[in-house]
Structure formats: structure tokens, C-alpha cells
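The opening position of the sequence shown corresponds to residue 173 in the numbering used here, with each subsequent residue numbered one higher.
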Amino acid sequence: MEASKANGRLDEAVGLPDALLKRLRAGELWHAVLLVGESSQVERASRWLAQALLCEAPRADAPCGRCRSCAQFSAGSHPDFWASGDEGLKAGDVEALQAWLATKGHGTRKVYVLRGADEMTPVAANRMLKTLEEPAPETYAILTAQSRQKVLSTLRSRSFTCLLSASPPFLSTDPTSIAVVTRATSAEDPSFAGLMERVIEWTQTWQSGGATPWELAASWQSIAKDVPAEDGLLLLAEWLRELMRVRAGGQAERFGAWEEAVRRIAPILEVEQYAACVQAVMEARLRLQSHVALLLNLEQMCVRLREVTTSW
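Okay, structure coming up:
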């Protein structure tokens, strides 16, 4: 029961419509789905949906964030997942996808994401038609677009269009973070031992302006060195959301063991500043998936965090 309730909240956070979620849970998802919304929002939703489809847990609990498939997905090494590298696929990208689809999968399903379906070249779109018309069993296509009208009608007719909710990106709990926060706030995973205390200290150093962006980036890389980079940034984003929640007058929900620190730190920034900081962290996490060098990526994030605290 609790797992179902939790998944209900997480599903809502990525803005996916009820019709899609019901089919997903029932194992009756359409073979091709077109997600339409703001770029960062469709990116999060497409990754959540792909992970849920590949997850080894029961459908009601997917994505669980704990199984081998979820671990591979989070690490960016899932052999049955393919995603276009940039928005606006060209014919060569489609050929690469079709070659990947022709290979034998490692599990029971294969999932691919085509980013920027509204920016595809006509040649690439036409080459995709047969692939969408004749999908292999247990193969799912997730297309993303910012404008439904700009997607060729032939592609729209071969996929189910889902308009994502207009909730602000990044402000709701990320659907893949629940397992990360659980590991960080319990004593079961030694790789997270003492990490929250170091996160709190790092937050205070950043907010006080006592370090340069490069020093902050190097410090973050050091304190989170024992956990995957994406997990570390998810944890930081959830910590900032907790501070934002308390700053807005709410209660500490996910970091209760550190409630004293939450209440001490939360008043330092305004709600809007915390929201901008959450976005900066989540954008850094997205850049990791584009193979941006970790330290450079972290420095860009810290530059933005410093800007938020000094320019408002």
C-alpha cells in the first residue's frame, strides 16, 4: 500500500497523464509515446518512463531505483536503452538507432528515446516511419517535443501524444531520488555514511560565500566521491527542496534527523532562490548525461549557485 502511494506522488511529479500511467501499470503501454512539454520537463519524464519500462520490479513499484536494471540506467550503461544525443535527429542518427534495434537485447525489453521530434529533418522522420509502424515485440519508443504542431503528422499518427502538466520544472521531488535519500538517511549503505553531515557543512560554506566556485566544486567532488555522481546531485537537490519547503512554512519531511540544521539554514535564502538553486543542480545532473567533464560541470553549477545567493 505504501509503495503504491509513494509511486502515485512520484508519477504526478513528472507530469505524466493518468491515461499513460494506468496503461504502464497494466502492462498495456502504447509502443510509441510522444511527450510534449518544456525541454527539461520532457527530459525528466522520458527518463523516468524509460527506467520504469526497464525496471525489474513489479509494475506498481517501477522504477524502484534498487534493481540491477535501475542501477545500470542510473549509471548510463543500460544495454537495452538508447537515446539520441542531441535534439533534432538526422538520417545518420536514425540509421544508428535501427542498427541498435537489430541487435539482440540483454533483457526482455528495449527502450529508445528520440529527443526533439519537432526538430527532426524530414529525411530522418520519413526513415523512422517504418520503425514506428512495425515495432519489434517489447520495444518501446519515447519521442519528445516542445511543440506538437511542429512534429510531422505522420509521426504523430503513429504515436500516442501526452501533454505534460505545466508545473514548474525541477520543483517537485525527482522520481528517482527516493531510493537515494533513503540510503543517505539510513545506516544501511556504508558509502553514504556521514555524507549528510558533509552536505550540510558544504551548504553553509557555499551560502556564506567563503569559497570560490572552483573550490566549492572540488569540495563537492571530494565529499561525494563514494557515491555515483548523479546520486550525489539528486541528494543535493532533495536537500535544497527540503530547505525550500521549510522556508515556505512547511515541515521537514525527508531529512527529519537533521531538522535542527534544516531550520537553522532554511531562512538564509528566499523560496525563489532555493527554487533557482534546485534548477541549477538538476541541470548539472542532466549535463552529466551529455558526458560533460565532472569537475567542469560542478564548477558551472557552483557559479550559478553563487550567482543566486549574491544577485537577488
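All residues carry an ideal CB built from backbone N, CA and C; glycine is no exception.
Looking at the DSSP output, Ala255 shares a beta bridge with Val285.
Phe332 sits in a strand when the DSSP states are folded into three classes. Residue burial annotation: His250 is buried, with at least 16 other C-beta atoms found within 10 angstroms of its C-beta. For Lys282 and Ile440, the gap between their C-alpha atoms comes out near 46 Å.
Secondary structure note for Ile314: its beta strand (DSSP E) is the uninterrupted segment 311 to 317. The beta strand (DSSP E) runs lying completely inside the region 381 to 427 and spanning 3 residues or more number zero. When C-alpha distances from Lys397 are compared across Met300, Ala365, Trp411, the shortest belongs to Ala365.
Excluding sequence positions up to five before and after Cys449, its CB lies within less than 6 Å of the CB of Leu412, Leu477, Val480, all in the same chain and listed in chain order.
Gln451 and Phe245 have their C-alpha atoms some 22 Å from each other. Out of Val295, Ala247, Ala420, the CA that lies nearest to the CA of Glu442 is found in Ala420. Remark: fewer than three beta-carbon pairs, one from each stretch, lie closer than 8 Å, so the region 354 to 374 and the region 317 to 329 are not flagged as touching. The beta carbon of Ala255 sits closer than 6 Å to those of Val285, all from its chain and outside the five residues before and after it, given in chain order. Within the region 424 to 483, the complete alpha helix (DSSP H) segments of 4 residues or longer fall at 431 to 437, 443 to 460, 466 to 483, listed in chain order. If you look at Leu207, you'll find it in the beta strand (DSSP E) that goes 204 to 208. Counting the other Cβ atoms within 10 Å of the Cβ of Leu335 gives fewer than 16, which makes it exposed.
When DSSP states are grouped into helix, strand and coil, Pro307 belongs to the coil group.
The shortest CA-to-CA distance from Arg240 to any of Gln270, Ala424, Gly279, Ala313 is the one to Gly279.
Looking from the CA of Gly199, the closest CA among Ala274, Cys227, Pro294 belongs to Cys227.
Each residue's CA atom was taken as its position, placing Ala389 and Gly237 some 26 Å apart. Each residue's CA atom was taken as its position, placing Trp374 and Trp392 some 7 Å apart. Excluding the 5 residues flanking it on each side, Leu415 has same chain C-beta neighbours closer than 7 Å at Val434, Ile437, Ala438, Tyr446, in chain order. About 5 Å separates the CB atoms of Thr293 and Lys262; that is less than 8 Å, so the two are in contact.
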